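In the numbering used here, the protein residues as written are 209 to 427.
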Amino acid sequence: VEASTIPEFSKPVGDAGVAADELIRPVTQVFPLKTISAQRAEQVVKPFLSKVGGTSVPDDETRSLIITDFGSNLRRIERLLEWVDQSPPPVESEFVDVKNMGAADLAGRVTQLMAARSKTRGSTAAASFEIASEDRTNQLFLVGPRELLDEIKGLIKRLDVPLDLVTETYTFRYVKAERIERFVKQIVPEVTGQRGFSTAVDADGNMLVVTATPDIHRR
């Protein structure tokens, strides 16, 4: 019998699913859905149906998906639907104080690192949370599932560490301190955020006061 005709003679299976002796036979199974729509479920399973003979029929009224395929493939599709048809985790929100960096700078770094993490793992975690900075109070506002928020807070804790800032005064004999200040701001990247690097000029004494990390002072 041609495989393209299997919907005509497939055997319906009950709630128990496909039995061991039905793995090589064409069967029809109804999958009731809990959280996703029948249309969405059909989009998920279509690439996994047998190329010849495998069919799916969404029933929006009963919120179920009717699939006809060989028994062995239906078992795989059943596991796939169980994984997809799950309730999303509840979304929570939380403010996090930032002590040693600028909130906006830290928000950008966390977002970048989470995106790199998701790309490596092949997941969509980066799209399942939001992070915003409140510059006035130097806080971060996090929105997302609790498990993901805890991971982000751990990352924030590792990044928001004291920078061991040192204040040094530089006095010049021949060049103006204002010129050196402009030059320094061009060559020193703002790797420490707005709270980690600052300069002030004393025009009368032709001095430049710099607060930065020892590494930036050496540069």
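Backbone N, C-alpha and C define an ideal beta-carbon position, used for all residues, glycine too. Keep in mind it's a predicted model, so treat the numbers as computed, not measured.
- Buried is the label assigned to T276, since at least 16 other Cβ atoms lie within 10 Å of its Cβ.
- The Cβ atoms of E286 and P266 lie no closer than 8 Å to each other.
- Closest in C-alpha terms to V235, from the list K242, D372, G279 and A312, comes G279.
- Secondary structure note for V238: its beta strand (DSSP E) is the uninterrupted segment P234 to P240.
- The C-beta distance from V238 to S272 rounds to 5 Å, short enough to fall under 8 Å.
- When C-alpha distances from I364 are compared across I395, D313 and T421, the shortest belongs to D313.
- Our two residues, E386 and T421, have alpha carbons roughly 21 Å apart in a direct line.
- Secondary structure of M309 (DSSP, three-state): coil.
- In this structure the stretch 368–375 does not lie against the stretch 315–326, because fewer than three pairs of beta carbons, one per stretch, are closer than 8 Å.
- DSSP, reduced to helix, strand and coil, places A340 within a strand of the structure shown.
- The C-beta of I395 has fewer than 16 other C-beta atoms within 10 Å across all chains shown, which makes the residue exposed.
- Per DSSP, the continuous beta strand (DSSP E) segment holding G352 begins and ends at Q347 to P353.
- Classified as exposed, F380 has fewer than 16 neighbouring CB atoms from the shown chains inside 10 Å of its CB.
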